[in-house]
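Q: Dumping the structure here so I can ask a few things about it.
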Amino acid sequence: MPILIEHCYQKYFVRTYEYEVEGVRQPWKEVIEMTLKPKNQLMNFQPGQFVFVSFTDSQLVARESHPFSIVSAPKDGRLILTAKTLGDYTASLIKLKSGTTAKIEGAFGKFSYINFKNNDQI
Ligand SMILES: Cc1cc2nc3c(=O)[nH]c(=O)nc-3n(C[C@H](O)[C@H](O)[C@H](O)COP(=O)(O)OP(=O)(O)OC[C@H]3O[C@@H](n4cnc5c(N)ncnc54)[C@H](O)[C@@H]3O)c2cc1C
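Counted the way our numbering counts, the sequence shown spans residues 1125 to 1246.
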């Protein structure tokens, strides 16, 4: 996408939030859990939604934007994302430092029990 169109698209159509890394841990050998706290505004989201995240001021993680599902609850006040280490990008996430800025785009997706009348069905 040309840079000008991408800039306009992000500015007018995609909601972007600034978070920062509060902590990173590896609860299991191929799983990395990132806890992010809002710098200003908390993003509204529903269980089951996902975001695109990019770490904009890290020297150790590429500034690419990747999608991850949200595993925390809306009332937690934190955004918790977990990544399975499959490729270069996800393997590098363990190097993130506390305080690194996270640009969050979203939330996207409708895969939530909230969107279905029958609570036993998603
Ligand atoms: C809506 C959505 C939500 C997601 N949520 C999560 C989540 O919560 N947790 C999570 O861990 N992941 C999630 N993912 C996947 C996650 O975004 C990717 O695993 C991550 O972006 C991979 O980045 P990478 O550079 O580390 O891996 P890549 O280098 O892109 O490679 C990932 C894997 O795919 C293989 N691969 C890459 N390209 C090809 C190809 N052309 N043909 C065949 N195989 C290929 C690689 O060998 C590797 O095993 C989600 C994806 C989407 C679309």
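C-beta: ideal position from N, C-alpha, C; glycine also. This structure is a prediction, so every number in the text was calculated from the model and none was measured.
Can you round the beta-carbon distance between Ser1189 and Phe1169 to whole angstroms, since I take them to be within the 8 Å contact cut?
A: Taking the first residue of the sequence shown as 1, we reach residue 1189 at position 65. Taking the first residue of the sequence shown as 1, we reach residue 1169 at position 45. The pair is not a contact, with the Cβ atoms about 17 Å apart (cut-off 8 Å).
Q: What residue does the alpha helix (DSSP H) around Ser1216 start on, and which one ends it?
A: Translated into positions along the sequence shown, residue 1216 becomes position 92. Ser1216 -> alpha helix (DSSP H) spans 1212–1216.
Q: Closest to Ser1298 by C-alpha separation, out of Gly1233, Val1145, Phe1235, would be which residue?
A: The structure shown does not extend to residue 1298, since the chain is modelled only from 1125 through 1246, so no value can be given for it.
Q: Are the CB atoms of Leu1203 and Ser1196 nearer to each other than 8 Å?
A: By one-based count along the sequence shown, residue 1203 stands at place 79. By one-based count along the sequence shown, residue 1196 stands at place 72. Yes, Cβ-Cβ distance for Leu1203 and Ser1196 is below 8 Å.
Q: Between Ala1207 and Pro1162, what straight-line distance do the alpha-carbon atoms span, to the nearest angstrom?
A: Here residue 1207 refers to the residue found at position 83 when the sequence shown is read from its first residue. Here residue 1162 refers to the residue found at position 38 when the sequence shown is read from its first residue. For Ala1207 and Pro1162, the distance between alpha carbons rounds to 20 Å.
Q: Just to confirm my understanding: we take Asn1242, look at its own chain, exclude 5 residues before and 5 after, and list those with CB closer than 6 Å. What are they?
A: As a working mapping, residue 1242 is identified with position 118 in the sequence shown. Nothing meets the Cβ criterion.
Q: Please name the residue, chosen from Lys1199, Gln1173, Lys1227, Trp1152, that lies closest to Thr1140 on a Cα-to-Cα basis.
A: As a first step, residue 1140 must be located in the sequence shown, where it is residue number 16. Here the closest residue by C-alpha is Lys1227.
Q: Which residues have their C-beta within less than 6 Å of a heavy atom of ligand 1, listed in chain order?
A: Taking each Cβ in turn, the ones that pass are Phe1174, His1190, Pro1191, Phe1192, Ser1193, Thr1206, Ala1207, Lys1208, Leu1210, Gly1211, Asp1212, Tyr1213, Thr1214.
Q: Cβ of Gly1172 within 8 Å of Cβ of Ser1236?
A: Your numbering for residue 1172 matches position 48 in the sequence shown. Your numbering for residue 1236 matches position 112 in the sequence shown. Contact: yes.
Q: Can you give the beta carbon distance from Ser1222 to Val1185, rounded, assuming they're within the 8 Å contact cut?
A: Stepping through the sequence shown from its first residue, residue 1222 is reached at position 98. Stepping through the sequence shown from its first residue, residue 1185 is reached at position 61. About 13 Å separates the two Cβ atoms, so there is no contact after all.
Q: I'd like to know whether the C-beta atoms of Thr1225 and Phe1174 end up nearer to each other than 8 Å.
A: On the sequence shown, residue 1225 is found 101 positions in, with the first residue counted as 1. On the sequence shown, residue 1174 is found 50 positions in, with the first residue counted as 1. It is not a contact, given that the beta carbons lie outside the stated cut-off.
Q: Report the option in Gly1233, Gly1201, Leu1210 whose CA atom is closest to the CA atom of Met1167.
A: For the purposes of this step, residue 1167 is taken as the residue at position 43 of the sequence shown. Checking every option, the nearest Cα to that of Met1167 belongs to Gly1201.
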